[in-house]
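Mapping of the sequence shown onto our numbering: residues 109 to 251, in sequence order. No residue lacks a Cβ here, since even glycine has one placed at the ideal position from N, Cα and C. Below is one structure; the comments refer to it alone.
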Amino acid sequence: MLIISPRICILVVMFWRQKLLTLALLGTLLAISWKYFTLKPVQYEALFPNSKLSCEQVIAQGYIVYLALSYTLEQHSMTIHRDITPHVERILNFHEDKVVYVGQAIDDDLLTAIQADPNVESVYHSPKIFTDGGNGGRRNTFS
Numbered sequence: 109m110l111i112i113s114p115r116i117c118i119l120v121v122m123f124w125r126q127k128l129l130t131l132a133l134l135g136t137l138l139a140i141s142w143k144y145f146t147l148k149p150v151q152y153e154a155l156f157p158n159s160k161l162s163c164e165q166v167i168a169q170g171y172i173v174y175l176a177l178s179y180t181l182e183q184h185s186m187t188i189h190r191d192i193t194p195h196v197e198r199i200l201n202f203h204e205d206k207v208v209y210v211g212q213a214i215d216d217d218l219l220t221a222i223q224a225d226p227n228v229e230s231v232y233h234s235p236k237i238f239t240d241g242g243n244g245g246r247r248n249t250f251s
């Protein structure tokens with residue numbers, strides 16, 4: 109009669125458990141990698157929010173101009189001795205008492221006059237100012 113010690117039985121069971129666990133992990137890894145390598149790209153109809161806009165929507169020579177409190181575009185035009193309204197692409201309404209406008213097609217002479225106005229707080233040039241596409245300024249203004 110063959111007598112097997114309990115210690116040998118425990119070692120045999122531990123050996124086969126380790127092998128089964130290894131095989132199970134290997135099978136799971138193969139299943140995950142098979143799914144990953146067989147995925148096909150999804151075509152989306154809508155653009156993602158941070159995707160690039162087409163070039164015709166970019167404002168050339170765009171500037172963002174901050175005017176002082178209670179200073180109007182009419183006063184600004186009188187101070188710089190030029191009508192600024194044809195150059196105003198839109199007015200940004202995130203300050204209650206302050207006019208902040210996006211200027212377009214501003215040449216060097218007009219830019220110098222705008223910067224010389226003492227009631228202009230700041231002027232920022234942004235190469236990526238986009239038009240709102242006629243939707244009332246509900247799109248991001250610049251990136």
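Identity of the residue in the options nearest residue i by Cα
i: LEU200; options: ALA139, PRO226, LEU175; result: LEU175
i: MET186; options: LEU128, LEU119, ASP225; result: ASP225
i: GLY211; options: SER230, HIS203, GLU204; result: SER230
i: ARG198; options: VAL173, GLU204, ASP216; result: VAL173
Supposed contact pair residue j and residue i - C-beta distance, whole angstroms, cut 8 Å
i: VAL208; j: LEU181; result: The Cβ separation is near 11 Å, so there is no contact.
i: ALA213; j: HIS195; result: 6 Å
i: TYR171; j: HIS233; result: 5 Å
i: ASP205; j: LEU177; result: 5 Å
Residue i Cβ short of 8 Å to the ligand HEM heavy atom set
i: ILE118; result: Among the components modelled here there is no ligand, and therefore nothing to report on the ligand HEM.
Beta bridge counterpart(s) of residue i as assigned by DSSP
i: TYR174; result: VAL208, SER230
Enclosing alpha helix (DSSP H) for residue i [first to last residue]
i: ILE214; result: ILE214 -> no alpha helix (DSSP H), and no H or E assigned at all.
i: ILE188; result: 181 to 188
Range of the contiguous beta strand (DSSP E) that encloses residue i
i: ILE199; result: 196 to 200
- Query: Using 8 Å as the Cβ pair cut-off and three pairs as the minimum, do the segment 217 to 233 and the segment 181 to 190 touch?
  - Reply: yes
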